[in-house]
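Heads up: the structure comes next, in structure tokens.
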Amino acid sequence: MSEIIKPENIVYQKTKVLTDKVMHYCPGCGHGTAHKMLAEAIDELDIQYETIGVAPVGCSVLAYYYFDLDMQEAAHGRATAVATGIKRVMPEKYVFTYQGDGDLAAIGTGETIHCCNRGENILIVFINNGIYGMTGGQMAPTTLSGMKSSTSPFGRDTKTMGNPLKITELVAQLAGTYYVTRQSVHTPANARKAKRALKKALEYQKLNKGTCFVEIVSNCPSNWKMTPVESNKWMEENMFPFYPLGDIKVPQQ
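Heads up: the sequence shown begins at 608 in the working numbering, then just goes up one per residue.
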């Protein structure tokens with residue numbers, strides 16, 4: 608006779624905030640883990656039915672398939688504008704955007720900056736893999752100096768292509784941001800830190816103190832043309848020195 612599994616014996620179970628739909632992300636990509644950490648944070652706070660997410664255009668354009676939440680799709684780069692409208696109409700809800708570097712830091716730069724400057728009481732989740740993932744691996748604002756892409760095949764030349772944009776440090780200087788941090792999800796320990804940051808950022812919405820901004824530095828094995836293991840090592844050696852992990856702006860006690 609099979610053993611009856613009692614609730615107190617359960618070590619791990621999938622969060623109910625994620626659906627059973629198979630994710631479309633490339634093998635080894637950080638998006639799936641980032642989704643999981645965000646979903647678990649929402650689950651642990653018991654706010655599933657009080658939360659509204661806004662999906663972007665980019666690799667995570669289908670995020671509404673994966674989160675068992677009220678979700679709204681936004682036009683490319685306009686997620687923070689859509690989230691602003693939702694939060695102002697329903698201020699009692701927990702509202703977040705989930706955006707990549709092309710959506711947030713290129714076509715959506717204006718929306719991002721002004722949303723943070725106004726101090727809209729939302730959470731912005733920013734996935735930074737330094738490249739346009741969905742559309743063919745073009746250079747993004749966050750592409751590192753010397754980093755190759757389909758539109759910078761010899762590497763990013765800052766003399767002609769400009770410098771990589773540290774938009775997280777940029778928004779941290781704005782009076783409207785309340786909590787700004789940079790995390791990763793490439794190891795179990797880092798994933799747990801990212802979940803704590805996301806959970807904290809959601810909780811801060813109760814205070815109505817301004818925008819919370821959580822960057823997650825991630826990999827892109829397909830467009831970096833590496834295996835998942837190689838891409839994580841490359842990220843540690845190249846992305847993290849330029850985009851160091853940790854809190855950038857924390858609430859003043």
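Glycine residues also receive a C-beta, built at the ideal position from the N, C-alpha and C atoms.
Note that this is a predicted model, so its numbers are computed, not measured.
Residue from the options with nearest C-alpha to residue i
i, options, result
"residue 652", "690, 793, 810, 674", "810"
"residue 769", "783, 727, 834, 746", "746"
"residue 641", "629, 667, 656", "667"
"residue 783", "682, 724, 633, 854", "724"
"residue 842", "674, 754, 825", "825"
"residue 630", "623, 853, 643, 618", "643"
"residue 804", "836, 838, 856, 831", "856"
"residue 554", "844, 815, 846", "An answer regarding residue 554 cannot be provided, because it is not within the stretch 608 to 860 covered by the chain."
"residue 634", "848, 833, 854, 846", "833"
"residue 637", "794, 695, 848, 716", "794"
"residue 722", "692, 847, 679", "692"
"residue 661", "655, 688, 654", "688"
"residue 847", "827, 831, 790, 829", "790"
"residue 829", "736, 758, 766", "736"
For residue i, the three-state DSSP class (helix, strand or coil)
i, result
"residue 725", "helix"
"residue 637", "coil"
"residue 769", "coil"
"residue 747", "coil"
"residue 662", "strand"
"residue 608", "Confidence in residue 608 is poor, its pLDDT being 47 and thus under 50, which makes the residue's placement unreliable; the coordinate value appears in the next sentence. Residue 608: coil per DSSP, three-state reduction."
"residue 677", "strand"
"residue 731", "strand"
"residue 650", "helix"
"residue 668", "coil"
"residue 859", "coil"
"residue 822", "strand"
"residue 624", "coil"
"residue 617", "coil"
"residue 655", "helix"
"residue 702", "strand"
"residue 707", "strand"
"residue 838", "helix"
CB-CB length for residue i against residue j, believed under 8 Å
i, j, result
"residue 625", "residue 648", "The Cβ separation is near 12 Å, so there is no contact."
"residue 664", "residue 703", "Contact flag wrong, Cβ pair sits at about 16 Å."
"residue 781", "residue 749", "About 19 Å separates the two Cβ atoms, so there is no contact after all."
"residue 787", "residue 778", "6 Å"
"residue 785", "residue 819", "6 Å"
"residue 726", "residue 817", "4 Å"
"residue 752", "residue 765", "5 Å"
> Unbroken alpha helix (DSSP H) runs of length 4 or more, entirely within the segment 786-813: which are they?
Replying inline: 795-810
> Do three or more CB pairs link the segment 782-801 to the segment 736-745 at distances below 8 Å?
Replying inline: no
> Should the segment 660-679 be regarded as contacting the segment 812-826, the criterion being three or more beta carbon pairs within less than 8 Å?
Replying inline: no
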